[in-house]
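Asks: Here the numbering used here is used: the first residue of the sequence shown is 7, the next is one more, and so on.
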Amino acid sequence: MGYTLDVSLVTGNRMIDDQHRELLGRAYDMINSEQALPGYQEFMAAFTFLKDYVFYHFNAEEEFMEKQGYERLSAHRSEHDYFRKELAAIEKDASQKGATREISMRIHMLIVDRFIQHIRTTDRRMAAALQGA
Ligand SMILES: [Fe+2]
Ligand SMILES: [Fe+2]
Numbered sequence: 007m008g009y010t011l012d013v014s015l016v017t018g019n020r021m022i023d024d025q026h027r028e029l030l031g032r033a034y035d036m037i038n039s040e041q042a043l044p045g046y047q048e049f050m051a052a053f054t055f056l057k058d059y060v061f062y063h064f065n066a067e068e069e070f071m072e073k074q075g076y077e078r079l080s081a082h083r084s085e086h087d088y089f090r091k092e093l094a095a096i097e098k099d100a101s102q103k104g105a106t107r108e109i110s111m112r113i114h115m116l117i118v119d120r121f122i123q124h125i126r127t128t129d130r131r132m133a134a135a136l137q138g139a
């Protein structure tokens, strides 16, 4: 079952919207199944599955902005870098401390709160500026 993008998150760029849908679907699957994940291995596998897709998506967006000569590329990339760093930090902490409640709260805050905010403002502004590209 696919995840449906809230209308406030739609950028109008097909590639970007498809990737956001996939990414948020993976994030919610992980958050919802967290309680049910039988152990550390499963938790890390789910986390890596999500992280890899986030990295893939950021690269695709940055490539698109580069190709279009988007003037706010470097500010946009800095926001992505924050998420890349934070995901790497969460992964490192999880590998040292295990899949704690604190780790899942951080994933929740990062993806559900901050990432959605990034889509709603930064990604939508970019897609609007590069409309029809
Ligand atoms: Fe995005
Ligand atoms: Fe972005």
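Note that the Cβ used here is the ideal one computed from N, Cα and C, for glycine as well. All of these numbers come straight from a predicted model, not from anything done at the bench.
1) By a C-beta neighbour count over all protein chains shown, 10 Å radius and 16 as the cutoff for buried, is K91 buried or exposed?
2) Helix, strand or coil, according to DSSP, for G138 in the structure here?
3) How would you label S110, buried or exposed, when you count the other beta carbons within 10 angstroms and need 16 or more for buried?
4) Quick one, which of Q137, I125, L136 and M132 has its alpha-carbon nearest V13's?
5) Distance, Cα to Cα, Q47 vs A135?
6) Would you mind giving the Cβ-Cβ distance between M132 and Y76, rounded to the nearest angstrom? I have them listed as a contact below 8 Å.
7) Leaving aside the five residues before and after D129 along the sequence, list all residues of the same chain whose C-beta is less than 6 Å from its C-beta, in chain order.
8) Report the residue from G31, D24 and D58 whose alpha carbon sits nearest the alpha carbon of F89.
9) State the start and end residues of the unbroken alpha helix (DSSP H) segment that holds Y59.
10) Considering Cα atoms alone, identify which of E68, A33, F70 and E72 is closest to F53.
11) Need the endpoints of the alpha helix (DSSP H) that G31 sits in, please.
Replies: Reading it off the structure:
1) Residue 91 sits at position 85 when you count from the first residue of the sequence shown. Exposed, because fewer than 16 other Cβ atoms sit within 10 Å of the Cβ of K91.
2) The sequence position of residue 138 within the sequence shown is 132, counting from 1. It is coil, neither helix nor strand.
3) Sequence index remark: in the sequence shown, residue 110 carries index 104 (1-based). Buried, because 16 or more other Cβ atoms sit within 10 Å of the Cβ of S110.
4) For the purposes of this step, residue 13 is identified with residue 7 of the sequence shown, where counting begins at 1. Of the candidates Q137, I125, L136 and M132, the residue whose Cα lies closest to the Cα of V13 is I125.
5) Walking along the sequence shown from the start, residue 47 turns up at place 41. Walking along the sequence shown from the start, residue 135 turns up at place 129. C-alpha separation (whole angstroms): 42 Å.
6) For the purposes of this step, residue 132 is taken as residue 126 along the sequence shown, with counting starting at 1. For the purposes of this step, residue 76 is taken as residue 70 along the sequence shown, with counting starting at 1. Yes, M132 and Y76 are in contact; Cβ-Cβ is about 6 Å, under 8 Å.
7) The residue you call residue 129 lines up with position 123 of the sequence shown. Contacts found: T17.
8) Against the sequence shown, residue 89 aligns to sequence position 83. That would be D58, whose Cα lies nearest to the Cα of F89.
9) Working through the sequence shown from its first residue, we reach residue 59 at position 53. Boundaries of the alpha helix (DSSP H) around Y59: Y46 to Q74.
10) Here residue 53 refers to the residue found at position 47 of the sequence shown. The residue with the shortest Cα to Cα distance from F53 is A33.
11) Numbered from its first residue, the sequence shown carries residue 31 at position 25. From DSSP, the alpha helix (DSSP H) with G31 extends over R20 to S39.
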